[in-house]
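Quick mapping for you: the protein sequence lines, in order, are chains F and H. Heads up, our numbering is the position in the first sequence plus 6, with the first residue counted as 1. Heads up, our numbering is the position in the second sequence plus 76, with the first residue counted as 1. Glycine included, each C-beta is placed from N, C-alpha and C at the ideal position. Remarks on the structure that follows.
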Amino acid sequence: MIAYAPYLILLLPLLAAVSIRLFLYPFPRISVSVSTLACLGSFMGSMALLFWGSSLGQGIVPALPWIEWGGFRANFGILGDPLARGMAALVSGVAFLVHLYSIGYLEKDPCRSRFFAELSLFVFSMLGIVLADNLISMFIFWELVGLSSYLLIGFWVERPAAGAAANKAFLVNRIGDFGFILGILGAWALFGSVTFADLPGRAAASSPGWAVTAVGLGLFCGCLGKSAQFPLHVWLPDSMEGPTPVSSLLHAATMVVAGVYMLVRVLPILEMSQATMMTIAWIGGWMTLLPALLACQQNDIKRILAYSTLSEIAYMVMAVGLGVAGPAMYHLTTHAFFKCLLFLAAGSVIHGCHDEQDIWKMGGLGKRMPFTAFVTILGTLALCGIPPLSGFWSKDAIFAATAHHPGLAAVSMGAGFFTSFFMLRMILVAFGGEPKNDAARHAHEGSIFLTAPMALLAVLTLVGGLLPVESYLHFQHPEAHETWTLWISLLVALAGFVPAYFLYRQATKDPISIPVLREKFYVDEIYQRVFVSPQDAFARLTDAFEGWVVRGFLVRGSGVVARASGQGLRLVQCGQVQIYAAVFILGVFLLLGWLWRQG
Amino acid sequence: MNFGEVTLGHYLALSLLLFLIGLAGVILRRSLLVVMMSLELLLNAANLALVAVGKFHGLPDPQVAVFFVITVAAAEVALGLAILVAIFRIKRTTAVDQMASLRF
Numbered sequence: 007m008i009a010y011a012p013y014l015i016l017l018l019p020l021l022a023a024v025s026i027r028l029f030l031y032p033f034p035r036i037s038v039s040v041s042t043l044a045c046l047g048s049f050m051g052s053m054a055l056l057f058w059g060s061s062l063g064q065g066i067v068p069a070l071p072w073i074e075w076g077g078f079r080a081n082f083g084i085l086g087d088p089l090a091r092g093m094a095a096l097v098s099g100v101a102f103l104v105h106l107y108s109i110g111y112l113e114k115d116p117c118r119s120r121f122f123a124e125l126s127l128f129v130f131s132m133l134g135i136v137l138a139d140n141l142i143s144m145f146i147f148w149e150l151v152g153l154s155s156y157l158l159i160g161f162w163v164e165r166p167a168a169g170a171a172a173n174k175a176f177l178v179n180r181i182g183d184f185g186f187i188l189g190i191l192g193a194w195a196l197f198g199s200v201t202f203a204d205l206p207g208r209a210a211a212s213s214p215g216w217a218v219t220a221v222g223l224g225l226f227c228g229c230l231g232k233s234a235q236f237p238l239h240v241w242l243p244d245s246m247e248g249p250t251p252v253s254s255l256l257h258a259a260t261m262v263v264a265g266v267y268m269l270v271r272v273l274p275i276l277e278m279s280q281a282t283m284m285t286i287a288w289i290g291g292w293m294t295l296l297p298a299l300l301a302c303q304q305n306d307i308k309r310i311l312a313y314s315t316l317s318e319i320a321y322m323v324m325a326v327g328l329g330v331a332g333p334a335m336y337h338l339t340t341h342a343f344f345k346c347l348l349f350l351a352a353g354s355v356i357h358g359c360h361d362e363q364d365i366w367k368m369g370g371l372g373k374r375m376p377f378t379a380f381v382t383i384l385g386t387l388a389l390c391g392i393p394p395l396s397g398f399w400s401k402d403a404i405f406a407a408t409a410h411h412p413g414l415a416a417v418s419m420g421a422g423f424f425t426s427f428f429m430l431r432m433i434l435v436a437f438g439g440e441p442k443n444d445a446a447r448h449a450h451e452g453s454i455f456l457t458a459p460m461a462l463l464a465v466l467t468l469v470g471g472l473l474p475v476e477s478y479l480h481f482q483h484p485e486a487h488e489t490w491t492l493w494i495s496l497l498v499a500l501a502g503f504v505p506a507y508f509l510y511r512q513a514t515k516d517p518i519s520i521p522v523l524r525e526k527f528y529v530d531e532i533y534q535r536v537f538v539s540p541q542d543a544f545a546r547l548t549d550a551f552e553g554w555v556v557r558g559f560l561v562r563g564s565g566v567v568a569r570a571s572g573q574g575l576r577l578v579q580c581g582q583v584q585i586y587a588a589v590f591i592l593g594v595f596l597l598l599g600w601l602w603r604q605g
Numbered sequence: 077m078n079f080g081e082v083t084l085g086h087y088l089a090l091s092l093l094l095f096l097i098g099l100a101g102v103i104l105r106r107s108l109l110v111v112m113m114s115l116e117l118l119l120n121a122a123n124l125a126l127v128a129v130g131k132f133h134g135l136p137d138p139q140v141a142v143f144f145v146i147t148v149a150a151a152e153v154a155l156g157l158a159i160l161v162a163i164f165r166i167k168r169t170t171a172v173d174q175m176a177s178l179r180f
């Protein structure tokens, strides 16, 4: 029985979500505690699994038989390899900190029961993805994560922008998930198994090259949607309409890196096709640079961080494309810490300035919110890869892998320049200078619930680089470490600070204006023209068809015909029921007489 | 004065007489209430014929059928009276010849 205990890690948040939704909804204080304690329970369980799981061996948790049909077989199992255990501990740990933060962030919101129920649902689904032992159950949790993301982005139901952003996130993810499920079906068709443990063995079997490439690209489609890579990246910046703890947990630290985690899981399939790997590497490479450029012209503090998230995830995707899963997971871990920290700090700023998100309306926050300013600078240094903070070690591991791919090295290191540029811009404008309005003038630090998680994450940001992620995951270093990547990337990143410092030190409005960057390369407009408008036109066409042909002609037409024929037949009626009866009786007599004569 | 035994013919003649009275009532009377009573007379004429035939030929089936007729008649009366009341509420009359809205 004790062997089934790891299922509790999954079940606790689900139980919390269900019980809040069904019973505890009217009692926000109890709901909040239940949800947070459930997350803490999951975290403790994951930590126990992390430290003592290895002594139990590979198949530590008995799988429950789930689908068996023909040759198809999918268990509902919990995976116990180091990758899953490490990721589960990371997810539940960060989630717990964000739970704590949300207690302070939403303390006045009357709907916080709903928020915490949805947060628990998210923790359940995300841990489901992490612990799933086959592609089918991973896909189900994948969709559940999409659902909880939708619910949480649209948490503030009274804001139309939040609803639109939630819809956009959900629909864009559908496109990626469609490719994902095609990839899953293809994997089953080619290898006869969807269980992760079987894949390395089966994938070695000979299959046509194009089919393997197609399957790999299909699975990568799922990553494109969930991890918001080009061309499906458009939903992530908009998802910042959700509450900031959600942006921090889902749209920076955990959910959006699920795509990377999934790629690492199916790496044996991807590695069979050089074309797939190169596609992944180059999409990742360019996606490090482009969002970093866009972030240089954004004014919303959360959107700046969202674009930097796109860029950082792209580093991980690129690493997977280069076949080095270790650095990818390493960067995933450190990124979870410092990006979560940056978002929580941004939330603290927004909270302190009474829901102001425009950095040009802040200013002078360094003096009024010294702790937040301090952790923001810490997170920024980690994000830019400045030693000795955690981001430096993980980024360096990725840069080392690009040593033999000059093109990828150039774009990804160039991205580092712009990352430093826009992060220093954000800090100088928001925290430096003079306050631009009253809200900024009266800004203040939040309660202990806001600062304590930030302090813990700040510690993790500092020392996260020491975590032995790669050796714990048993990913070997593929080649000797090249030192030139380290120096060049570091120099480029430091160089990014220089122009930002001189441009924005005293700026009260943006001294440079590049419309194409501010308008996000017009991708949203292009999608609007190419996909959304034709679809709207088609919808209007079908609506007109329904209105004129179906409702107008068929339904009303048949009604009119019946009515008109009824009116016509009234002409031959006299309306006297007794005359009808008399005619009827006469008829009966005539019939009887005729029958009698026939005799 | 001996009219002899009552035979099946007598019963059937009485039944026919009742039936004709009923028919005349249905066709000629103007009050909807009386028309419905005449309808009952028609049913009872049929009942009488059935019972008489069953009795004289020793058959059970016609007598069973009579129970069905009585049941259906009861239901028909209930429904008919309800319709009658509804019509009276709208038209304030029960004259059959006033109910000619089917005509153009």
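Query                                                                                                                        : Result
Sub-8 Å separation of Val-583 of chain F and Val-172 of chain H beta-carbons                                                 : yes
Exposure label - Glu-318 of chain F; buried when at least 16 CB within 10 Å                                                  : buried
Where Pro-71 of chain F sits in the DSSP three-state scheme                                                                  : strand
Sequence-distant residues of its chain with Cβ nearer than 8 Å to Phe-161 of chain F (five each side left out)               : Cys-117, Arg-120, Phe-121, Glu-124, Ala-168, Gly-248, Pro-249 and Val-252
Below-8 Å beta-carbon distance, Ile-103 of chain H vs any chain F residue                                                    : yes
Within 8 Å, strictly: CB atoms of Ala-334 of chain F and Val-270 of chain F                                                  : yes
Cross-strand partners of Arg-79 of chain F (DSSP beta bridge)                                                                : F:Glu-74
Any C-beta of chain F under 8 Å from that of Ser-177 of chain H                                                              : yes
Three-state secondary structure (DSSP) of Asp-549 of chain F                                                                 : helix
Contacts of Gly-593 of chain F in chain H (Cβ-Cβ under 8 Å)                                                                  : Correct list: empty, because the minimum Cβ distance to chain H is about 13 Å.
Where the alpha helix (DSSP H) containing Ser-41 of chain F begins and where it ends                                         : 34-58
Own chain partners of Gly-110 of chain F with C-beta closer than 6 Å, once the 5 adjacent residues on each side are dropped  : Gly-452, Ser-453, Phe-455 and Leu-456
DSSP state of Asp-542 of chain F mapped onto helix, strand, coil                                                             : helix
Interface positions of the stretch 132-165 of chain F facing chain H (Cβ-Cβ less than 7 Å), listed along the chain           : none
Contact set between the stretch 82-100 of chain H and chain F, restricted to residues whose Cβ is under 8 Å from the partner : Leu-99
Whole alpha helix (DSSP H) elements within the stretch 340-388 of chain F, 4-residue minimum                                 : 371-374
Residue environment, Asp-444 of chain F, which counts as buried when at least 16 other CB atoms sit within 10 Å              : exposed
Cβ distance (whole Å) where Leu-468 of chain F is taken to contact Leu-384 of chain F below 8 Å                              : 7 Å
Nearest-angstrom Cβ-Cβ length linking Leu-109 of chain H and Leu-160 of chain H, presumed shorter than 8 Å                   : 7 Å
Burial state of Ala-570 of chain F (16 or more Cβ within 10 Å)                                                               : exposed
Cα-Cα separation between Ala-195 of chain F and Ala-217 of chain F, rounded to whole angstroms                               : 10 Å
Contact with chain F by Val-172 of chain H, beta-carbon distance below 8 Å                                                   : yes
Residue range of the alpha helix (DSSP H) that includes Asp-530 of chain F                                                   : 529-533
Test: Arg-576 of chain F CB closer than 8 Å to a CB of chain H                                                               : yes
Thr-294 of chain F vs Ala-320 of chain F beta-carbon contact at 8 Å                                                          : yes
Beta bridge counterpart(s) of Thr-201 of chain F as assigned by DSSP                                                         : F:Asn-140
Cutoff 8 Å; reference Gly-372 of chain F; Cβ partners in own chain excluding five residues on either side                    : Ala-379, Phe-437 and Gly-438
Residue range of the unbroken alpha helix (DSSP H) whose run includes Trp-493 of chain F                                     : 489-510
Closest by C-alpha distance to Leu-178 of chain H, when choosing among F:Gly-574, F:Val-594 and F:Trp-600                    : F:Gly-574
Chain F contact for Phe-144 of chain H (CB, 8 Å cutoff)                                                                      : no
Phe-607 of chain F to Thr-386 of chain F span [Cα, whole Å]                                                                  : Here chain F comprises residues numbered 7 to 605, so residue 607 of chain F is not present and cannot be evaluated.
Test: Gly-553 of chain F CB closer than 8 Å to a CB of chain H                                                               : no
Limits of the alpha helix (DSSP H) - the one that Pro-459 of chain F falls within                                            : 454-469
C-alpha distance - Ile-532 of chain F paired with Leu-523 of chain F, whole-angstrom precision                               : 14 Å
Per-residue DSSP class, three states only, for Ser-107 of chain H                                                            : strand
CB-CB length for Ala-234 of chain F against Leu-242 of chain F, believed under 8 Å                                           : 4 Å
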